[in-house]
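So the structure is just underneath, and the comments pick up after that.
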């Protein structure tokens, strides 16, 4: 079983590799949809990990 922190690290590596390639090509990072999607995924995973560590479900009522 792959743990959440390992998934986060895999996604961060993907993000960093893509970011470095874009920088080498002098492409703006903020305009690259794939990079932004990976970044959002990492953000969601980090939040999930944080909530899991603190015993919260992360679900909102309402």
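In this note's numbering, the protein residues as written are 102 to 163. For each residue, glycine too, the CB sits at the ideal point set by N, CA and C.
Enclosing alpha helix (DSSP H) for residue i [first to last residue]
i	result
residue 151	134-154
residue 123	105-125
Other residues of its chain near residue i: CB distance less than 8 Å, five sequence neighbours each side excluded
i	result
residue 150	105, 106, 109
residue 116	136, 139, 140, 143
residue 112	139, 142, 143, 146
residue 120	130, 136
Integer-rounded CB distance, given that residue j should sit under 8 Å from residue i
i	j	result
residue 123	residue 133	6 Å
Contacts around residue i, its chain only, beta-carbon distance under 7 Å, and the 5 residues preceding and following it disregarded
i	result
residue 127	none
residue 156	none
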